[in-house]
Amino acid sequence: MTMSHAVPDNDRPPPVRAVFSAVTWKEIAYLVSNLPLAIVGFVYAVVMVSTAGGLSVTAVGIPLLACGLYLSRQLGRLDRARARGLLGVRVDEPTPIPGPKRSGGFFPWLWTSIKDPVGWRTVLYQLIRLPWGVLTFTVALTGLFVLWPVLPYLVRLMANVDRAMVRGLLSPSDDLERRIAELESDRGVVVDTAAADLRRIERDLHDGAQARLVALAMGLGLAKEKLLEDPEGAAAMVDEAHGEVKLALQELRDLARGIHPAVLTDRGLDAALSSVAARCVVPVKVAVDLPADPSGDPSRGRPAEAIEGIAYFVVSELLQNVSKHAGPGARGATVEVWRAGARLMIRVSDDGRGGASPSGGSGLAGLAERLGAVDGVLVVDSPAGVGTVVTAELPWRDRG
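Here the numbering used here runs 252 ahead of the position in the sequence shown, where the first position is 1.
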């Protein structure tokens with residue numbers, strides 16, 4: 253009879269587990285590869301700075317320094333990729349330096365390249381990384397044979413130092429780089445918007461007033477030929493031409509109002525927005541609360557002409573959306589304009605069917621881009637069946 257004895261839980265061997273995780277092995281690979289890359293980077297930085305500095309008294313030294321900083325950027329790109337693959341550090345790529353054509357010429361590009369903070373920080377990173385690379389290579393390599401029990405902790409500590417160095421020296425200057433990217437994007441929006449407005453004005457002139465004036469000239473020419481033979485017919489044609497002149501004048505007034513309304517220049521936002529509200533298909537209540545200037549000058553209590561014009565067209569576009577999309581159930585809308593510190597606030601609300609979205613093709617996306625081009629913000633709150641509230645913010649700029 254064979255008897256089996258159960259082994260107590262305390263006597264069982266621990267389960268077999270990997271001593272190092274995959275993350276630790278990647279960190280070890282990063283630390284071991286620090287030394288050869290650090291040597292290359294250190295030699296390059298020393299040779300580049302010394303050579304360009306020694307030749308700075310000649311015409312070759314400054315362009316050589318600019319090219320050297322450009323190549324330093326490429327070394328930084330390699331280091332960021334290595335840190336991303338082995339340490340999991342996500343560092344954005346810095347904004348590239350524009351070429352000579354976009355910089356306004358060779359010398360502006362040369363000056364921008366020499367002042368490049370990203371290139372100089374990469375050079376500093378290459379210089380200070382050599383002693384650190386010697387330390388990490390020695391500890392990581394010898395630790396695999398001598399410090400095996402505590403090596404994961406040492407590796408993690410040194411890898412965190414490397415992570416901090418990469419983020420501190422190889423990352424773009426957050427505020428400056430973000431601002432540059434925003435300005436580049438906003439400049440593109442402004443250029444596209446201006447081009448679209450010019451095409452709209454050209455189309456309106458060609459299809460509207462210009463065509464009507466051409467027909468008017470032809471009609472007056474025919475009336476002139478009939479003036480002696482058929483005075484009554486010529487008079488009828490002149491009378492018809494008089495009506496065409498009135499229509500052409502009205503179209504030109506509408507076009508001029510679309511470019512910049514005279515009432516906005518003469519009387520400000522309150523009167524201009526009231527004029528826009530009167531053309532809306534639903535009743536609109538307008539409330540403009542802008543502080544008056546203590547000196548009594550009415551123009552001093554108004555924002556700058558550009559901001560005032562943008563505010564006008566924002567409200568005009570939003571009221572057009574109310575007319576088109578609010579639905580037959582809409583009973584009214586409200587336009588509120590006020591100043592809050594350094595911001596000009598605009599709120600347009602209606603009690604229509606709601607459901608508006610900047611991505612819904614209602615023109616709100618383009619409106620948000622226009623506002624973003626001047627550091628403005630557009631917020632849409634439009635639950636279905638409840639109504640729509642659109643809030644816009646613009647920077648307040650005093651009139652010059």
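Even glycine gets a Cβ: it sits at the ideal position worked out from N, Cα and C.
Nearest candidate by alpha-carbon position, reference residue i, set the options
| i | options | result |
| --- | --- | --- |
| G624 | A563, V589, R605 | A563 |
| G385 | G606, S285, G420 | S285 |
| P404 | V638, V538, L316, T276 | T276 |
| L596 | P360, V413, P543 | P543 |
| G340 | A274, L619, A467 | A274 |
| E477 | L465, V490, V309 | V490 |
| L330 | L289, A486, D522 | L289 |
| H577 | I291, E484, G520, S601 | S601 |
| F359 | P346, A311, L399 | A311 |
| V626 | R649, G639, T643 | R649 |
| L379 | D482, V398, G306, S302 | S302 |
| A592 | P513, P580, V292, E645 | E645 |
| A502 | V538, G351, Q462 | Ala is not the amino acid found at residue 502; the sequence shown has Gln there. Selected option, being the one with the closest Cα: Q462. |
| E345 | V292, I291, Q326, W361 | Q326 |
| T347 | G337, S365, G357 | S365 |
Check whether residue i and residue j have beta carbons under 9 Å apart
| i | j | result |
| --- | --- | --- |
| V641 | W590 | no |
| P610 | L630 | yes |
| L382 | F294 | yes |
| R332 | L422 | yes |
| G328 | M300 | no |
| M410 | E279 | yes |
| E569 | L619 | yes |
| L418 | V343 | The amino acid at residue 418 is misidentified as Leu; the sequence shows Val. Closer than 9 Å, so yes. |
| V574 | V534 | yes |
| G637 | R599 | no |
| L472 | A493 | yes |
| A608 | V632 | yes |
| D414 | T390 | no |
| P315 | V370 | no |
| A318 | Y282 | no |
| I349 | Y322 | yes |
| S324 | W363 | no |
| V567 | L525 | yes |
| D406 | G420 | Correcting the residue identity first, residue 406 is Leu in this sequence and not Asp. Not in contact: L406 and G420 (Cβ atoms no closer than 9 Å). |
| R455 | R554 | no |
| L521 | E560 | yes |
| D603 | G639 | yes |
| L479 | A469 | no |
Per DSSP, the bridge partner or partners of residue i
| i | result |
| --- | --- |
| W361 | In the DSSP output, where bridge partners are listed per residue, W361 has none listed. |
| K498 | None; K498 has no bridge partner. |
| K576 | DSSP output for K576 lists no bridge partner at all. |
| V641 | S601, D633 |
| V589 | V540, I598 |
| P555 | D650 |
C-beta neighbour in chain B for residue i, strict 9 Å
| i | result |
| --- | --- |
| A411 | No chain B is present in this structure, which holds just one protein chain. |
Coarse secondary structure for residue i, derived from DSSP in three states
| i | result |
| --- | --- |
| S256 | Residue placement at S256 cannot be trusted, given a pLDDT of 41 that sits under 50; what the coordinates show is reported in the next sentence. Coil. |
| I598 | strand |
| A333 | helix |
| A529 | helix |
| R269 | Because R269 carries a pLDDT of 40, less than 50, the predicted location of this residue cannot be relied on, and no value is offered for it. |
| T303 | helix |
| W384 | helix |
| R630 | The amino acid at residue 630 is misidentified as Arg; the sequence shows Leu. The answer is strand: DSSP assigns L630 an E or B state. |
| D263 | Residue placement at D263 is flagged as unreliable, the pLDDT there being 43, under the threshold of 50; the coordinate-derived value follows with that caveat. In this structure, D263 counts as helix in the three-state DSSP scheme. |
| A514 | helix |
| K278 | helix |
| D650 | strand |
| V341 | coil |
| A416 | helix |
| W241 | Because the chain spans 253 through 652 in this model, residue 241 falls outside it and cannot be assessed. |
| D482 | coil |
| T310 | coil |
| G520 | coil |
| K476 | helix |
| R583 | coil |
| P315 | helix |
| T390 | helix |
| I366 | helix |
| I349 | coil |
| F565 | helix |
Supposed close pair residue i, residue j - CB separation, criterion 8 Å
| i | j | result |
| --- | --- | --- |
| A582 | L571 | With a Cβ gap of about 12 Å, A582 and L571 do not count as contacting. |
| A475 | E496 | Actually they are not in contact, since the Cβ atoms of A475 and E496 sit about 12 Å apart, beyond 8 Å. |
| A488 | R464 | About 18 Å; that fails the 8 Å criterion. |
| V375 | A297 | 5 Å |
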